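Some notes on the structure that comes next.
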Amino acid sequence: MRKNLNVIAAYSIMMVLILMVGIFQSWNIALSIFNLCLISAVMTMGANIQWGYAGLINFGIMGYTALGGLAAVLISVDPVQEAWRAGGFDILMSLWLIVVMVLVIRFVLKRFEKSKIRTYSIAVIIISGILFIRFSAEPGIEAIEAVDPAKTGFLGGFGLPIIFSWIVGALFAGGLAFIVGKVALGLRADYLAIATLLISEIVIAIIKHEDWLTRGVKNVIGLKRPAPYEVDLQTTDWFIKLVEKFNAGKLSVIENLADRQAALNQLVIEGSSVFVKLCYSGLFLVVVIILLTLTQKALYSPWGRMMRAIRDNEEAANAMGKNVVKQHLLIFILGSAIVGIAGAMLVTQDGLFTPGSYRPMRYTFLIWVMVIVGGSGNNFGAILGGFVVWFLWIEAAPISLFLINFFTAGIPETNALKAHLIESVPYFRFLLMGLGLLFIMRYRPKGILPEKIEIK
Amino acid sequence: MDFVNAIILLLNYIFIPALTYGSQLALGAIFVTLIYGILRFANFATGDMMSFGTMMTILFTWYFQSLGVSLGVLPTALLAIPFGIIFMIIYMLLIDKFVFKYYRNQKSPPVQFAMVSIGVMFVTQAVVRIIIGPGDRRFFDGEKFIIKAREFKEITGLNEGLAIKSTQVITIFVTIVLVSLLFWFLNRTKTGKSMKAYSDNEDLALLSGIDPKKIVLVTWVIAGILATIGGALYGLDKSFKPFTYFNNMLPIFAAAIVGGIGNPFGAFLGGYVIAFSEILLTYAYKKFFMYILPESMEPNSLVQLLSTDYKFAVSFSILVIVLIYRPSGIFKGKVL
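So the sequences go chain by chain: S and X. If you read the first sequence in this note's numbering, its first letter stands for residue 13, the second for the next number, and so on. If you read the second sequence in this note's numbering, its first letter stands for residue 29, the second for the next number, and so on.
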């Protein structure tokens with residue numbers, strides 16, 4: 013118990029902070045912060061598996077998040093029959109061609125010795141294949157995008173419950189990680205960082221501009237929900253009774269019957285939104301707990317020990333007969349798949365998919381700040397990092413506004429500098445994150461909750 | 029006649045824009061490659077440092093404009109660039125003193141440096157946004173065109189116009205001068221040679237009496253000059269927006285690695301490789317073929333290999349291919 017004291021203390025402080033937001037700002041804000049903290053925690057667990065367990069640097073988190081989001085769209089949206097009729101055949105043909113191309117390349121790789129001619133012929137196959145597919149699919153894509161472009165203009169999905177997308181998102185992200193890992197894992201650490209960052213940008217570019225698949229920057233809105241809708245809750249009897257029961261004390265003070273009814277209505281509207289967020293919190297908590305249990309088990313298993321050995325001394329681990337390349341690929345896929353789950357969860361919560369919103373600052377670098385600040389190699393640390401950093405990211409604006417007002421209290425409102433500072437309050441979050449990262453890296457390089465390895 | 033028209037078309041839409049964009053990338057790429065070669069880390073704050081230098085230039089431009097000082101037909105920003113450079117260098121040296129120096133003394137691995145540079149990236153982004161805001165700013169003044177498309181058509185009597193913007197000429201001219209000076213400095217002076225020696229083999233350089241503090245200082249000074257001029261030229265040619273500068277970091281990285289990281293000349297050429305391939309692959313050649321092919325063979329489609337949305341993706345794909353097949357870059361940089 014004693015040795016876990018700092019963990020318990022850190023998490024209690026975090027919970028108190030979120031509760032304080034609930035009390036002083038509103039429960040709605042507190043819960044939405046809490047939900048995003050949970051999603052961030054899943055992302056940091058993914059990044060932590062790669063960086064903390066194996067020392068692999070992955071700056072492509074944004075790409076896997078977006079793929080998870082794409083999975084949510086493809087799973088939950090109803091198929092657009094008309095679009096399938098218009099261009100489905102062309103798209104399927106192109107898919108076949110891609111499969112054929114991959115098979116041909118595999119055949120060439122297997123059949124011939126490594127030589128310059130082989131490399132060039134593979135390049136020719138890839139380039140001519142891409143050109144051929146592009147021109148042959150063009151009419152189909154145009155036909156699909158022409159189907160009611162204001163509402164659909166894409167193929168749609170499978171019309172299944174959105175929860176399934178959490179698994180499919182993991183598969184998508186894992187699949188991409190397999191390809192990226194095969195290509196890039198041999199690179200030295202900082203090149204791997206740059207390569208993964210650029211590959212994730214390519215993924216985003218494709219998601220943004222292949223309208224037949226994702227609707228691109230036109231966004232997909234109104235995705236199905238695993239949780240009830242606010243509007244339905246507000247007319248459900250048991251929910252109104254529940255709200256009445258919870259607020260019995262408050263309501264009984266009001267004498268006038270009409271006033272009481274109005275107050276109740278207001279409470280029901282607020283309560284419905286809180287209730288929906290609570291549903292999400294519950295779902296996300298389940299995911300976080302399952303993942304945490306699994307990752308903790310993995311960390312203390314023989315496999316976890318092997319990963320640490322590979323991380324700390326690759327050559328020695330190699331000499332002991334561990335297949336470093338294979339294990340690196342495996343952990344790269346696992347970590348990315350977890351990030352994919354988080355991406356699907358994010359889109360599930362928002363109910364919309366906006367490819368334009370995926371930016372490396374928010375989805376790659378911020379996640380890295382979380383991992384480093386929380387404590388890489390320690391799952392509890394990484395999750396805590398997700399909570400702390402997301403909390404500060406949201407609350408930085410009010411905090412800095414308060415500080416600016418506090419320090420410039422004597423200066424009149426009309427002062428140009430003060431007005432300018434207050435106007436640029438949203439950007440203080442970047443400053444806070446940067447300084448936080450720099451200070452942690454300098455004075456507590458292992459994070460708030462450092463890695464602790466117990467031999468059991 | 030049609031043939032000349034086709035050539036002018038390519039010059040106007042591909043060659044000159046790519047040369048300009050390539051020059052801007054090349055300056056950034058030399059900045060990345062110098063930091064990588066001498067200080068030995070991938071600087072993720074590259075784009076934001078460039079935006080800081082550009083911001084200082086813009087502030088001085090506004091100041092000079094308010095004083096009524098101008099260069100006539102040339103943009104006032106050219107006058108402001110030296111002042112921007114001074115502030116950029118001061119900022120970089122401060123960052124180095126308070127942030128990077130500690131890790132250099134600790135001999136931290138490059139990954140840790142990269143992480144620290146992400147911290148610097150966040151801070152610089154905040155500083156730029158707090159001072160000048162996130163919006164789009166244009167600070168170009170003076171004469172916009174050297175030749176307008178319409179004038180060109182009137183003079184030559186061709187169907188295709190050739191428009192040359194003064195910013196394009198300034199960019200190419202300044203880049204040539206700056207890069208030649210830089211290579212003269214690196215190859216001919218004692219300090220430049222000792223920088224190369226330090227980059228090649230740190231221990232050996234230290235043994236032969238090279239002062240590492242001086243090397244680091246000179247590196248940051250050159251980096252400041254390159255970052256400010258590169259950023260300001262990009263801002264003059266297009267516009268200044270902090271987010272765009274952050275994004276430009278990626279093609280700049282691509283240029284530096286494609287050229288062979290740690291090799292300034294490679295980085296210089298890498299900038300053009302990236303710029304030309306981006307523009308060549310995303311240009312719609314329909315009009316070009318209309319000029320050179322007989323009427324019966326004219327294409328119906330746009331004859332565009334990739335849509336312009338994939339401009340960035342092109343350069344990143346090139347980078348990925350280079351990383352896989354020739355990790356030391358086209359022009360042999362450090363072996364990875």
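Yeah, the Cβ is synthetic: ideal placement off N, Cα and C, and Gly gets one too. Quick caveat: nothing in here was measured; it's all calculated off a predicted structure.
Between the alpha carbons of X/M143 and X/F281 lies a gap of roughly 16 Å. Taking 8 Å as the cut-off, the beta carbon of S/I219 is found closer than this to the beta carbon of S/L82. Contact of S/K334 with chain X is not assigned, every C-beta pair being separated by 8 Å or more. In the structure shown, the three-state DSSP call for X/Q332 is strand.
Under the Cβ criterion of 8 Å, S/S293 is not counted among the residues facing chain X. Relative to S/L29, the option among S/F403, S/A409, S/G459 and S/L447 whose CA is nearest is S/F403. For X/V205, the nearest beta carbon of chain S is not closer than 8 Å to its own beta carbon. For S/V232, the three-state secondary structure derived from DSSP is strand. The contact set of X/S335 on chain S, defined by CB atoms closer than 8 Å, consists of H221 in chain order. When C-alpha distances from S/F170 are compared across S/L188, S/V85 and S/I145, the shortest belongs to S/V85. DSSP places X/A312 within a strand segment (E or B) once states are collapsed to three. Per DSSP, the continuous beta strand (DSSP E) segment holding X/F173 begins and ends at F173 to I175.
Taking a contact to require three or more Cβ pairs closer than 8 Å, the region 150 to 164 of chain X and the region 432 to 451 of chain S qualify as touching.
For S/P151, the uninterrupted alpha helix (DSSP H) segment begins and ends at K128 to A158. Judged by DSSP secondary structure, S/T376 falls outside any alpha helix (DSSP H); it is assigned neither H nor E.
Of the residues S/L346, S/V136, S/L121 and S/I174, the one whose Cα lies closest to the Cα of S/V359 is S/I174. Contact check for S/W178 against S/A394 fails: the beta carbons are separated by 8 Å or more. Given a length threshold of 3 residues, each whole run of the beta strand (DSSP E) inside the region 119 to 201 of chain X is given here in chain order: 173 to 175. The beta carbon of X/P355 falls within 8 Å of a beta carbon belonging to chain S, placing the residue at that interface. Across the region 439 to 454 of chain S, CB contacts with chain X closer than 7 Å involve Y439, F440, F442, L443, M445, G446, L447, L449, L450, M453 and R454, in sequence order along the chain. Between the region 88 to 105 of chain S and the region 152 to 168 of chain S, the count of Cβ pairs shorter than 8 Å is three or higher; the stretches touch. Looking at the backbone, the Cα of X/Y119 and that of X/P137 are separated by about 24 Å. Rounded to whole angstroms, X/P292 and X/E323 show a C-alpha spacing of 47 Å. With its beta carbon less than 8 Å from one in chain X, S/F377 belongs to the interface. Counting only residues of its own chain and dropping the five nearest sequence neighbours on each side, X/F296 has a CB closer than 8 Å to the CB of A54, A57, I58, V207 and G287. By the Cβ rule, the region 365 to 373 of chain S counts as touching the region 212 to 228 of chain S, because three or more pairs are nearer than 8 Å. S/F414: member of the alpha helix (DSSP H) spanning N391 to F419, first to last residue.
For S/F365, the three-state secondary structure derived from DSSP is strand. The beta carbon of X/A303 sits closer than 6 Å to the beta carbons of A46, Y49, G50 and L53 from its chain, once the five residues preceding and following it are set aside; these are given in chain order. With its beta carbon at least 8 Å from every one in chain X, S/V351 lies outside the interface.
For X/I253, the closest of X/T74, X/L39 and X/F69 by C-alpha to C-alpha distance is X/T74. For S/W380, at least one C-beta of chain X is nearer than 8 Å to its own C-beta. Taking a Cβ-Cβ cut-off of 8 Å, S/V299 has no neighbours in chain X, whose nearest Cβ is about 28 Å from it. For X/F268, the three-state secondary structure derived from DSSP is strand. Annotated three-state conformation of X/L99 is strand, per DSSP.
For the pair S/G187 and S/I345, the Cα-to-Cα distance works out to about 7 Å.
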